[in-house]
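Before any comments, here is the structure.
Residue numbers (this note's numbering): 5 to 230.
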């Protein structure tokens, strides 16, 4: 809801043109920091309603149809070119409203900073909501912060530094939900999420050696085989 909806549709079309069949479109209500919204010239209030309206409009916008709509979003646009089918839609968030949005519009629900046991409970609620909407239950995608290395203490320090610098979060608040340590240890942690029903991951490396972390995550993936 920070983005102008027609330009967003055109951006998705451009990505699809550059990488056909490889676009995943992720949506969420955005952060709650007023300065971010001011910088985007978008109102903070009503962002959930605007996102729902955008998701209603997006198939027509991407499909090249002329769209007229009046609401929180006011849209009058001729057909966009080139037309395309909807890419897979990932809906992010941990609230019940986010789950309802995923049940109604999403191909996958995307969450972060949840324990495997929490994932199981939320997926059951999501399945019930999807049934109410007359849709199949969306898949579950996990955003997982990872720090892979032989020295567990160094991994924890790098992860704690990233959380502090980027999110102002204390390590203690997210330690149990961060995959840290050797390839085997991280694979075991990832495996618990797979057992909880997670079918896709967005891995965010916490260590400065990004190339090395990508190589290590390839080993993790081979070990877990999700």
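We put the beta carbon where it would ideally sit given N, CA and C, even for glycine.
For residue i, the three-state DSSP class (helix, strand or coil)
i           : result
residue 133 : helix
residue 184 : strand
residue 27  : coil
residue 176 : helix
N-terminal and C-terminal residue of the beta strand (DSSP E) that residue i is part of
i           : result
residue 143 : 143 to 152
residue 202 : Residue 202 -> no beta strand (DSSP E), and no H or E assigned at all.
Alpha-carbon spacing of residue i relative to residue j, whole angstroms
i           : j           : result
residue 217 : residue 165 : 16 Å
residue 214 : residue 173 : 22 Å
residue 143 : residue 91  : 15 Å
residue 97  : residue 205 : 15 Å
residue 11  : residue 81  : 11 Å
residue 13  : residue 27  : 12 Å
residue 31  : residue 55  : 8 Å
residue 157 : residue 169 : 18 Å
residue 179 : residue 226 : 24 Å
Rounded distance between the beta-carbons of residue j and residue i, thought under 8 Å
i           : j           : result
residue 211 : residue 151 : 5 Å
residue 228 : residue 195 : 5 Å
residue 67  : residue 87  : 5 Å
residue 147 : residue 93  : About 16 Å separates the two Cβ atoms, so there is no contact after all.
The alpha helix (DSSP H) enclosing residue i, as first and last residue numbers
i           : result
residue 117 : Careful: residue 117 lies outside any alpha helix (DSSP H) and carries neither H nor E.
residue 61  : 51 to 66
residue 94  : No alpha helix (DSSP H) contains residue 94, which is instead part of the beta strand (DSSP E) from 93 to 96.
Spatial neighbours of residue i in its chain, beta-carbon cut-off 6 Å, leaving aside the 5 residues before and after
i           : result
residue 162 : 151, 210, 211
residue 46  : 6
residue 59  : 109
residue 62  : none
7 Å Cβ shell around residue i - same chain, five flanking residues per side excluded
i           : result
residue 106 : 95, 113, 130, 142
residue 104 : 133
residue 177 : none
residue 41  : 6, 47, 48
residue 44  : 6
Near the ligand NAP: residue i beta-carbon under 7 Å from a heavy atom
i          : result
residue 26 : Here there are no bound small molecules, and the ligand NAP is not part of this structure.
Spatial neighbours of residue i in its chain, beta-carbon cut-off 8 Å, leaving aside the 5 residues before and after
i           : result
residue 123 : 115, 144, 146, 197, 200, 201, 202
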